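Its first residue numbered 34, the sequence shown is counted upward by one per residue in my numbering.
This report refers to the structure that appears directly beneath it.
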Amino acid sequence: MNFKQQMEDNEQAALWNGRAGRAWVDAQEPLDRLLAPFENLLVDEACAASPRRVLDVGCGTGATTLAIARLLGAAGHCVGADISEPMIAAARARAERVGAPASFICGDVQRHAFEPASFDLIVSRFGIMFFDSPVQAFANLRHAASDGAALRVIAWRGAAENPFMTTAERAAAPLLPNLPARQPGAPGQFSFADRDRVSSVLEESGWTGIDIRPIDVECTLPEKALHGYLTRMGPVGLVLQDADERTRTQVIEAVRAAFEPYVHGSEVRFTAACWMIGAQAASASTAPKEAARV
Numbered sequence: 034m035n036f037k038q039q040m041e042d043n044e045q046a047a048l049w050n051g052r053a054g055r056a057w058v059d060a061q062e063p064l065d066r067l068l069a070p071f072e073n074l075l076v077d078e079a080c081a082a083s084p085r086r087v088l089d090v091g092c093g094t095g096a097t098t099l100a101i102a103r104l105l106g107a108a109g110h111c112v113g114a115d116i117s118e119p120m121i122a123a124a125r126a127r128a129e130r131v132g133a134p135a136s137f138i139c140g141d142v143q144r145h146a147f148e149p150a151s152f153d154l155i156v157s158r159f160g161i162m163f164f165d166s167p168v169q170a171f172a173n174l175r176h177a178a179s180d181g182a183a184l185r186v187i188a189w190r191g192a193a194e195n196p197f198m199t200t201a202e203r204a205a206a207p208l209l210p211n212l213p214a215r216q217p218g219a220p221g222q223f224s225f226a227d228r229d230r231v232s233s234v235l236e237e238s239g240w241t242g243i244d245i246r247p248i249d250v251e252c253t254l255p256e257k258a259l260h261g262y263l264t265r266m267g268p269v270g271l272v273l274q275d276a277d278e279r280t281r282t283q284v285i286e287a288v289r290a291a292f293e294p295y296v297h298g299s300e301v302r303f304t305a306a307c308w309m310i311g312a313q314a315a316s317a318s319t320a321p322k323e324a325a326r327v
């Protein structure tokens with residue numbers, strides 16, 4: 034399947050190659066700051082694993098890819114993969130500017146024809162929750178991983194544990210009857226909220242030594258970036274782009290007021306409730322084991 038067909042057949046591909054992808058590119062700087070603690074966690078994991086070839090899944094505009102590439106230096110290589118053409122273009126431009134030993138693939142990780150056994154570490158900073166078939170995606174990643182390769186990925190826990198992330202939707206819902214409701218388990222931000230489901234996906238797709246740990250991370254966003262965040266990001270941001278001016282003004286006022294508890298002077302602060310997910314690529318002679326519990 035070529036990329037054009039992926040775009041036509043995949044709702045997530047259409048989303049991230051349209052408004053959502055462009056919004057992330059435009060907000061690259063504040064989003065990099067917001068997500069920097071997770072980037073640092075994955076760099077620490079890479080440092081501990083001492084890999085030579087790393088794949089960054091759902092790399093976006095490339096912050097984590099480039100950070101790991103800097104860690105590896107000339108002795109290794111980091112490849113970022115994402116389905117969003119605008120975001121990959123931004124990532125490639127960043128890599129060229131800094132001369133980083135990194136490269137980028139624009140494609141659907143679930144279906145991309147990776148060279149077999151070509152990576153000894155696979156990481157992701159919130160890039161794994163959007164597959165329409167997670168088992169197929171992680172089986173494809175297992176194909177790309179060498180025997181014993183490490184998987185270290187971060188995903189969101191549930192919406193109830195992440196009230197900041199649903200603040201805009203709760204405030205805007207009375208004013209936006211066409212606001213789509215989140216569907217549990219469907220591709221999206223909280224699709225990996227259920228730890229048992231995540232464990233089953235990994236076991237079924239050829240990963241072993243599964244360890245799924247809750248982490249709570251303090252995040253900050255510049256207050257001056259909040260308007261762009263609430264008007265362009267997430268479900269509310271997408272719906273607002275088609276709203277009439279009166280509705281748009283009402284929604285922005287309501288949503289901005291709802292975020293006030295998180296505003297502290299020049300910063301927006303919140304706690305992100307996430308999973309740190311670890312596993313190893315099972316060899317042909319190794320049966321998947323029960324997930325570790327913490």
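By construction, the Cβ of each residue, glycine as well, lies at the ideal position given by its N, Cα and C atoms.
Predicted, not measured: the structure shown is a model, and the values here were computed from it.
Rounded separation between residue i and residue j - CA only
i	j	result
Arg-55	Met-120	7 Å
Glu-236	Gly-311	12 Å
Gln-216	Trp-308	20 Å
Ala-135	Ala-108	12 Å
Leu-68	Ala-60	12 Å
Tyr-295	Ala-258	13 Å
Glu-78	Leu-271	34 Å
Arg-246	Arg-279	45 Å
Ser-27	Ala-126	Absent from the structure is residue 27, since the part of the chain shown begins at 34 and ends at 327.
Ser-232	Asp-249	20 Å
Lys-322	Pro-63	For Lys-322, the pLDDT reaches just 41, beneath the cut-off of 50, and the residue's location in the model is therefore unreliable, leaving the point undetermined.
Val-269	Ala-291	13 Å
Ala-96	Phe-71	11 Å
Ser-26	Ala-82	Lying before the first or after the last residue shown, residue 26 is absent from the chain, which here runs from 34 to 327.
Leu-273	Thr-199	15 Å
Trp-240	Asn-173	11 Å
Arg-52	Phe-147	28 Å
Arg-66	Ala-124	16 Å
Met-266	Asp-165	21 Å
Asp-227	Asp-244	14 Å
Asp-141	Glu-118	11 Å
Ala-325	Gly-218	Summary for Ala-325: the model assigns pLDDT 34, below 50, so the residue's position carries little reliability; its value from the coordinates is reported in the next sentence. Between Ala-325 and Gly-218, the C-alpha separation is close to 22 Å.
Ser-238	Gln-45	21 Å
Three-state secondary structure (DSSP) of residue i
i	result
Ala-324	Summary for Ala-324: the model assigns pLDDT 36, below 50, so the residue's position carries little reliability, and this model does not support an answer.
Arg-130	helix
Cys-80	helix
Met-266	coil
Met-162	coil
Phe-292	coil
Gln-274	coil
Leu-75	helix
Ile-116	coil
Ala-314	strand
Asp-65	helix
Val-90	strand
His-110	strand
Asp-141	coil
Gly-95	coil
Phe-147	coil
Phe-36	Bear in mind that the predicted position of Phe-36 carries a pLDDT of just 49, short of 50, making it unreliable; the figure below should be weighed with that in mind. Phe-36 falls in the helix class under three-state DSSP.
Ala-135	strand
Ala-182	strand
Expected contact under 8 Å - CB spacing of residue i and residue j to nearest Å
i	j	result
Gly-160	Cys-252	Gly-160 to Cys-252, Cβ: 17 Å. No contact.
Leu-208	Gln-283	5 Å
Arg-190	Leu-75	Actually they do not touch by this definition, with Cβ atoms about 17 Å apart.
Val-288	Ala-201	5 Å
Gln-313	Gly-242	4 Å
Count the C-beta pairs between the stretch 290-303 and the stretch 186-201 that are closer than 8 Å, then say yes if the count reaches three, no if not.
Because the criterion of three Cβ pairs below 8 Å is met, the stretch 290-303 and the stretch 186-201 touch.
Does the stretch 91-109 come within contact of the stretch 130-138, defined as at least 3 CB pairs closer than 8 Å?
By the Cβ rule, the stretch 91-109 counts as touching the stretch 130-138, because three or more pairs are nearer than 8 Å.
At what residue ranges does the stretch 188-263 contain a whole run of the alpha helix (DSSP H), taking only runs of 4 or more?
Segments of the alpha helix (DSSP H) lying fully in the stretch 188-263: 196-205 and 228-237.
Report yes or no: do the stretch 284-298 and the stretch 171-186 share at least 3 C-beta pairs separated by less than 8 Å?
In short, these stretches do not touch, since the Cβ pair count stays below three.
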